[in-house]
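The structure under discussion appears below in the form of structure tokens.
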Amino acid sequence: MARAGSLLLLASFGAIAVSAGNWHHPRSHPVYDLFKRQNASAGALPAIGSAQWNSTYPEDISNATVPDAWMAAYTTAKAAGLIPNISLTTVGADGVPAYPTGDDPNSAEICSGTYQCRINGTTTEIWDAPDGHVGLAFDDGPLPYSPPLCDFLKQQGQDATHFYIGTNILQNPFVFQGCMEDPLQTPAVHTWTHPYMTTKTDEQVLLELGWTMQIIHDSLGGRLPRYWRPPYGDTDTRVTAIAYYVYHLTTVVWNQDTNDWMLEDPTDNPNNVVTNQTVITNLTNWLSGPKTPGLIILEHELSSSAVQCFIQTYPLHAQNGWITGSIPNTFDQAAFLNSWNATSPVTPLDIAATPPSSVGPPAAPAAATTAVAAGAQASSPASAVGGASKSTSNNSSNGAGSIAAISTAALLGAALCTLVFSY
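Count the sequence shown with mature numbering (1 follows the signal peptide of the UniProt record, and there is no 0) and you get residues -20 to -1, 1 to 403, in order.
In structure tokens:
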């Protein structure tokens, strides 16, 4: 279970076709030069899908040891009293995580997401979008069903967030790469193996989150994701605190569930209770309904049926006046802990290290002067350097927080605005 507008910087690449048998661009494609210019340390990162890349990650996370740096960050947070001691849950025959007898999952001490308890305070979770907004996100990729979704989003100029499972990136590296070639798509963490997180020890939680952050970092030019979503919505004060205080991850849940995940596995839907029409009807009702609060809908790239349900109802976003965007754009925040977006400069940052105090959007560049050759007659005033400030609309649904299109030359002279996420 449980990424508005086009970037001018990439416009010159759009006419280069991708063959039907190779959905991702080949290494010779110009997009790799773009991302290499914006990587923190491109030469130090192994090529995605290579033997060196594959060997970086544990074959069996259950036997893995937490890296020293991650454990050190955890130990510091634990010693400071930031991570509570909460009993682990066990999943019963009904498939619901249960706490030991006497523990109240809706108490402020535990506040379980499975029981719809919303954590407030420093580690506040995101459940609702701002009024009139749709925070667009998809879970469980990258999978063979992802390319049609990513192609559609790119055609529409629509930004979205993809909560990726680490092992799925490991098994489908070029699907991940192909989707991330569109800089409007934002990767986020959906754990390494998709477990009920409240059933896991602190060390296991560290591994589930840390290795997913690591593979995204290594596969996207050193960028570290800012958001994570607990599988099944299963989190509590302990798990959320580990994510926030160790990895600086913001927890994102949802306020509407399409149940489109049932379309993938007949064993989850034995009586055909959920059909394509059921999902389409639900999406239609929500997108035609009240705009308070805004929507964060649980949707998946888990099956062709789930993807088609989204595509079929996508026009309703614009028709009903919704402002639709990725999670970071919906909240006007950076997409990564160490970079504003997929084309912004990257500050080198290790997993569990303290991120920069501010990661702001690139400022609009000032007008540039044009050098005149010696002896040449002075020309008219120079034109401004190409580049645009962040728009509040997208091609399809006036989505808030369109990513700025800034040339590399402009970025070198641009001052970063200070914009700190308030938790």
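Positions of the beta carbon are idealized from the N, C-alpha and C atoms, including for glycine.
Note that the structure is a prediction, hence the values are computed from the model and not measured.
Around VAL287, the same chain offers TYR125, PRO128, LEU129 and GLU281 as residues with beta carbons nearer than 7 Å, after the five sequence neighbours per side are excluded. In this structure, TRP208 lies away from GLN236, with their beta-carbon atoms at least 7 Å apart. No Cβ-Cβ contact shorter than 7 Å links PRO336 with THR323. Inter-residue distance for GLY146 and GLU244 is about 19 Å (C-alpha atoms, whole angstroms). Note that the C-beta distance between PRO77 and THR94 is below 7 Å. The three-state reading of DSSP puts TRP208 in strand, counting E and B together.
Between THR258 and the set SER306, GLN292 and LEU200, the nearest pair of CA atoms involves GLN292. By the Cβ-count criterion, ARG98 is exposed, with fewer than 16 other Cβ atoms from all chains shown falling within 10 Å of its own Cβ. The Cβ-Cβ distance between PRO205 and ILE196 falls below 7 Å. The DSSP-derived three-state label of ALA52 is helix. Taken atom to atom, the span from the alpha-carbon of SER268 to that of LEU296 is near 7 Å. Our two residues, PHE154 and GLU89, have alpha carbons roughly 42 Å apart in a direct line. Contact check between the segment 30 to 45 and the segment 305 to 321: fewer than three CB pairs, one atom from each, fall below 8 Å, which does not count as touching. For the pair SER92 and ASP216, the Cα-to-Cα distance works out to about 4 Å.
Note on geometry: alpha-carbon atoms of PHE143 and ASN86 lie some 26 Å from one another. Excluding sequence positions up to five before and after ARG218, its CB lies within less than 7 Å of the CB of ILE63, PRO64 and ILE66, all in the same chain and listed in chain order. The segment 298 to 312 and the segment 162 to 174 touch, with three or more beta-carbon pairs separated by less than 8 Å. Your pair ASP198 and LEU25 checks out as a contact, with CB atoms roughly 5 Å apart and the cut at 8 Å. In the DSSP assignment, TYR227 falls within the alpha helix (DSSP H) that extends over 217 to 227. With contacts defined by Cβ atoms closer than 7 Å, TYR227 and LEU189 form a contacting pair. Fully contained in the segment 139 to 200 are the following beta strand (DSSP E) runs of length 3 or more, in chain order: 140 to 144 and 165 to 169. Excluding residues up to 5 positions away in sequence, ARG(-18), ALA117, THR166, ALA168, SER306 and ILE307 lie with their Cβ nearer than 6 Å to the Cβ of THR141 in the same chain.
Distance between ALA221 and GLY301, taken at the CA atoms: about 36 Å.
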